[in-house]
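Chains as they are written, first to last, in this note's numbering: chain A, 6 to 332; chain U, 2 to 277.
Rendered as structure tokens:
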């Protein structure tokens with residue numbers, strides 16, 4: 006079987022028990038929340054005990070916990086996440102509408118932190134122990150200590166309130182009627198601050214990983230051989246050391262995707278970006294637990310998907326992985 | 002040279018220890034210097050900082066003393082972070098030890114649970130837990146621990162796997178110790194050092210998670226927290242940005258102090274082994 010298929014199959018098989026466990030976990034939280042969809046519905050629309058009884062029967066909420074878990078798993082298997090009382094729409098529709106915005110934000114933030122972090126990491130790792138290395142390390146540590154939401158607020162104060170260079174919040178100018186390129190440029194302008202707030206925090210991680218991986222590679226014999234061949238220092242750093250230190254970065258990228266998804270909750274809230282994270286905050290504020298748990302499930306699937314992609318990239322970079330015997 | 006002076010001699014360790022000592026002092030002295038409830042009104046609303054020396058950092062929208070809030074906030078922030086870190090390390094070490102020592106089906110089952118927890122973004126899990134159970138200091142601690150125990154569990158398990166084949170474990174078996182006794186009295190203490198090496202990262206991320214939860218209004222409503230103060234200041238961000246900026250600086254310093262101390266500890270142990 007081709008290597009790629011082996012990896013995909015193994016990953017998907019491993020994902021099944023994990024997803025079942027996550028589902029059971031979310032169901033338990035849903036149970037612990039007390040009060041069900043009927044309480045929430047009647048709380049909003051009003052109604053008497055008779056109506057509540059009738060609704061419970063209609064929605065299958067009078068069944069035992071075991072039966073309801075089975076029904077929950079059954080509907081999830083049909084990609085039915087349930088009904089959001091807050092939005093009066095199916096949860097899957099609400100999430101599908103918000104997901105692209107989060108993916109856009111996360112994609113840009115990952116590109117920023119990965120690209121800039123790697124570049125600065127090469128700068129630091131080119132001469133381990135140098136002043137530049139120490140300065141970059143301390144600076145990245147300081148950046149890593151900054152809470153994303155606070156960085157977002159500070160950037161807003163500077164660039165949106167004081168300098169008025171960039172828009173304050175939102176994803177696009179409301180009712181601007183812009184289309185095509187102008188519309189894309191408008192969205193890009195709105196994304197600058199949130200992407201910076203989200204991306205700069207995680208930049209430190211890539212910088213430090215790159216730096217320490219390069220420090221390891223410097224000790225290897227082929228670097229000595231490259232020096233002996235009289236290659237230019239620039240070529241040794243880029244083509245020999247940095248290139249061979251890239252692999253751990255890909256691992257960090259996979260591990261970090263979940264954290265960044267969590268970070269997007271506060272960033273989207275700060276910048277009023279209608280994404281998955283802000284939806285989670287809205288679900289908490291309106292006590293819409295089924296919606297919140299639907300978001301958690303979708304995020305878990307997203308994390309699994311990202312890690313699958315990371316695994317494939319990994320296999321592309323390192324042919325020894327997934328070739329059958331290298332288990 | 003023993004461990005503590007070596008730690009303090011590294012620039013990271015010294016600066017980290019200094020910051021953390023200052024924060025601990027703030028937390029301890031808060032009720033002495035500001036015996037009044039930091040949530041009570043202390044002066045006119047929205048007094049700018051550095052104007053009135055009885056209210057050096059000014060007041061917020063409701064006339065509450067910002068400096069008193071920051072100092073009392075240090076208590077909540079540090080207490081929650083330390084408790085959550087201790088809890089996640091303890092739970093993680095115990096689960097990891099059981100998984101590594103028992104092996105087989107137990108190991109497989111426990112590690113799948115760890116996988117499941119690691120698949121859910123930690124912050125979303127904490128958010129869901131607090132919103133379902135209701136915000137209080139204890140719930141926030143448990144929520145943070147829920148999202149942080151998996152790292153220690155994995156490391157403890159890996160360590161236990163290598164320790165359980167050592168001679169002294171075999172000796173303990175021969176002496177007739179019960180398996181549980183061997184696992185928790187012989188193996189666990191020896192598996193702890195690499196787990197404890199994670200503590201700086203765990204404490205730091207616990208501080209940040211607590212702040213983010215309070216920022217979203219999910220902290221204990223009866224206590225001042227830095228995250229809560231930042232959220233409160235956000236409503237007047239245009240006119241009084243200092244209300245959000247000051248508690249944020251405290252937050253950055255606290256996390257930075259923890260990271261620096263952690264780096265110092267790593268360098269000190271590396272120097273002991275003769276690497277650096």
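C-beta atoms are modelled at their ideal positions from N, C-alpha and C, and glycine is treated no differently. Since we're looking at a predicted model, the values are computed, not measured.
Legend entry - Backbone CA spacing between residue 277 of chain U and residue 168 of chain U [nearest angstrom]: Along the second chain, read from residue 1 onward, the residue named residue 277 of chain U stands at position 276. Along the second chain, read from residue 1 onward, the residue named residue 168 of chain U stands at position 167. Residue confidence for residue 277 of chain U is low, a pLDDT of 41 falling below 50, so the modelled location carries little weight; the figure read from the coordinates is stated next. Roughly 32 angstroms separates the two Cα atoms.
Inset, instruction - For the alpha helix (DSSP H) holding residue 6 of chain U, just list the boundary residues, first then last. - result: The residue you call residue 6 of chain U lines up with position 5 of the second chain. Where residue 6 of chain U is concerned, the enclosing alpha helix (DSSP H) stretches over 4-10.
Inset, instruction - Using a Cβ cut-off of 8 angstroms, pull out every chain A residue sitting near residue 260 of chain U, in sequence order please. - result: Numbered from its first residue, the second chain carries residue 260 of chain U at position 259. Per Cβ cutoff of 8 angstroms: 146, 149 and 150.
Inset, instruction - Give a yes or no on whether the C-beta atoms belonging to residue 157 of chain U and residue 94 of chain U are separated by under 9 angstroms. - result: Along the second chain, read from residue 1 onward, the residue named residue 157 of chain U stands at position 156. Along the second chain, read from residue 1 onward, the residue named residue 94 of chain U stands at position 93. Yes, the Cβ-Cβ distance between residue 157 of chain U and residue 94 of chain U is below 9 angstroms.
Legend entry - Cβ-based contacts, 8 angstroms cut-off: residues of the stretch 291-316 of chain A near chain U: 292, 294, 297, 298, 300, 301, 304, 305, 308 and 309
Inset, instruction - Leaving aside the five residues before and after residue 331 of chain A along the sequence, list all residues of the same chain whose C-beta is less than 6 angstroms from its C-beta, in chain order. - result: The residue given as residue 331 of chain A occupies position 326 in the first chain. Here the model assigns residue 331 of chain A a pLDDT of 41, short of 50, so the residue's position is not dependable and the matter cannot be decided.
Legend entry - Cβ neighbour criterion (16 or more within 10 Å) applied to residue 37 of chain U: To locate residue 37 of chain U, count along the second chain from 1; it is residue 36. When all chains shown are included, residue 37 of chain U counts as exposed.
Inset, instruction - Using a Cβ-Cβ cut-off of 9 angstroms, state whether residue 233 of chain A counts as contacting chain U. - result: Locating residue 233 of chain A in the first chain gives position 228, where the first residue counts as 1. For residue 233 of chain A, the closest Cβ of chain U is not nearer than 9 angstroms.
Legend entry - Ordered list of beta strand (DSSP E) runs contained in the stretch 53-136 of chain U, each at least 3 residues: none
Inset, instruction - Kindly indicate the opening and closing residues of the alpha helix (DSSP H) around residue 274 of chain A. - result: The residue you call residue 274 of chain A lines up with position 269 of the first chain. Run containing residue 274 of chain A: 252-276, per the alpha helix (DSSP H) assignment.
Inset, instruction - Have a look at the DSSP bridge pairing and note the partners of residue 95 of chain A. - result: Locating residue 95 of chain A in the first chain gives position 90, counting from the first residue. DSSP lists A/88 as the beta-bridge partner residues of residue 95 of chain A.
Legend entry - For residue 3 of chain A, the three-state DSSP class (helix, strand or coil): With chain A running from 6 to 332 in the structure shown, residue 3 of chain A is simply not present.
Inset, instruction - Output yes or no for whether 9 angstroms exceeds the beta carbon distance between residue 149 of chain U and residue 301 of chain A. - result: The residue labelled residue 149 of chain U in the question sits at position 148 within the second chain. The residue labelled residue 301 of chain A in the question sits at position 296 within the first chain. In this structure, residue 301 of chain A does not lie closer than 9 angstroms to residue 149 of chain U by Cβ.
Inset, instruction - Indicate whether at least one CB of chain U lies closer than 9 angstroms to the CB of residue 175 of chain A. - result: Here residue 175 of chain A refers to the residue found at position 170 when the first chain is read from its first residue. By this cut-off, residue 175 of chain A is not an interface position.
Inset, instruction - Step through the CB atoms of chain U and report whether any lies within less than 9 angstroms of the CB of residue 82 of chain A. - result: Taking the first chain and counting its residues from 1, the one referred to as residue 82 of chain A is at position 77. Not an interface residue.
Inset, instruction - Compare the C-beta of residue 116 of chain U against all C-beta atoms of chain A and say whether one is closer than 9 angstroms. - result: On the second chain, position 115 is the one that residue 116 of chain U refers to. Judged by the 9 angstroms Cβ criterion, residue 116 of chain U is in contact with chain A.
Inset, instruction - Just the chain A side, please: which residues come within less than 9 angstroms of residue 152 of chain U by C-beta, in chain order? - result: Position 151 of the second chain holds residue 152 of chain U. Under the 9 angstroms cutoff, chain A gives no residues; its nearest Cβ is about 10 angstroms from residue 152 of chain U.
Legend entry - Proximal residues to residue 164 of chain A (C-beta, below 7 angstroms), its chain only, five neighbours per side dropped: What you label residue 164 of chain A is simply residue 159 of the first chain in a count that begins at 1. These residues qualify, in order along the chain: 170, 171 and 198.
Legend entry - residue 285 of chain A versus residue 292 of chain A - alpha carbon distance: For the purposes of this step, residue 285 of chain A is identified with residue 280 of the first chain, where counting begins at 1. For the purposes of this step, residue 292 of chain A is identified with residue 287 of the first chain, where counting begins at 1. If you take the alpha carbons of residue 285 of chain A and residue 292 of chain A, they lie about 10 angstroms apart.
Legend entry - Beta-carbon spacing of residue 115 of chain A, residue 321 of chain A below 9 angstroms: Taking the first chain and counting its residues from 1, one reaches residue 115 of chain A at position 110. Taking the first chain and counting its residues from 1, one reaches residue 321 of chain A at position 316. No, the Cβ-Cβ distance between residue 115 of chain A and residue 321 of chain A is not below 9 angstroms.
Inset, instruction - Identify the contact partners of residue 22 of chain A in chain U, using a Cβ-Cβ distance below 7 angstroms as the criterion. - result: Residue numbering aside, residue 22 of chain A sits at position 17 when the first chain is read from its first letter. Residues of chain U passing the Cβ test: 113.
Legend entry - Unbroken alpha helix (DSSP H) run spanning residue 78 of chain A, endpoints: Here residue 78 of chain A refers to the residue found at position 73 when the first chain is read from its first residue. Run containing residue 78 of chain A: 70-82, per the alpha helix (DSSP H) assignment.
Inset, instruction - Give, in chain order, every residue of the stretch 62-73 of chain U whose Cβ lies closer than 7 angstroms to some Cβ of chain A. - result: none
Legend entry - C-alpha gap between residue 131 of chain U and residue 219 of chain U, whole angstroms: The residue labelled residue 131 of chain U in the question sits at position 130 within the second chain. The residue labelled residue 219 of chain U in the question sits at position 218 within the second chain. So the two alpha carbons sit approximately 7 angstroms from each other.
Inset, instruction - Specify whether the stretch 108-117 of chain U and the stretch 206-213 of chain U touch according to this definition: at least 3 beta carbon pairs, one from each stretch, less than 8 angstroms apart. - result: no
Legend entry - Of the residues A/319, A/305 and A/312, the one placed nearest residue 30 of chain A, counting alpha carbons only: In the first chain, the residue the question calls residue 30 of chain A occupies position 25. The alpha carbon of residue 30 of chain A has as its nearest neighbour, out of A/319, A/305 and A/312, the alpha carbon of A/305.
Inset, instruction - List the endpoints of the continuous alpha helix (DSSP H) containing residue 213 of chain U. - result: Locating residue 213 of chain U in the second chain gives position 212, counting from the first residue. Counting along the chain, the alpha helix (DSSP H) containing residue 213 of chain U begins and ends at 200-216.
Inset, instruction - Verify the CB distance criterion: does residue 197 of chain A have a CB-CB separation below 9 angstroms to chain U? - result: By 1-based counting over the first chain, the position of residue 197 of chain A is 192. No, its Cβ sits nowhere closer than 9 angstroms to a Cβ of chain U.
Inset, instruction - Give a yes or no on contact between the stretch 47-54 of chain U and the stretch 197-206 of chain U, applying the rule of three or more CB pairs nearer than 8 angstroms. - result: No, they do not touch.
Legend entry - CA-to-CA distance, residue 252 of chain U to residue 68 of chain U, given in whole angstroms: Locating residue 68 of chain U in the second chain gives position 67, counting from the first residue. Locating residue 252 of chain U in the second chain gives position 251, counting from the first residue. Residue 252 of chain U has its alpha-carbon roughly 14 angstroms from the corresponding atom of residue 68 of chain U.
Inset, instruction - Could you tell me whether any Cβ in chain A is nearer than 9 angstroms to the Cβ of residue 264 of chain U? - result: Within the second chain, residue 264 of chain U is the residue found at index 263, counting from 1. Look at residue 264 of chain U: its C-beta is under 9 angstroms from a C-beta on chain A.
Inset, instruction - Count the other CB atoms, across all protein chains shown, that sit within 10 Å of the CB of residue 312 of chain A; report buried if there are 16 or more and exposed otherwise. - result: The residue given as residue 312 of chain A occupies position 307 in the first chain. Buried, since its Cβ has 16 or more Cβ neighbours within 10 Å.
Legend entry - Own chain residues within Cβ distance below 8 angstroms of residue 113 of chain A, not counting five before or after: Walking along the first chain from the start, residue 113 of chain A turns up at place 108. 196, 200 and 204, listed in sequence order.
Legend entry - Contacting positions in the stretch 117-130 of chain U - beta carbon closer than 9 angstroms to chain C: Absent from the structure: chain C. Protein chains present are A and U.
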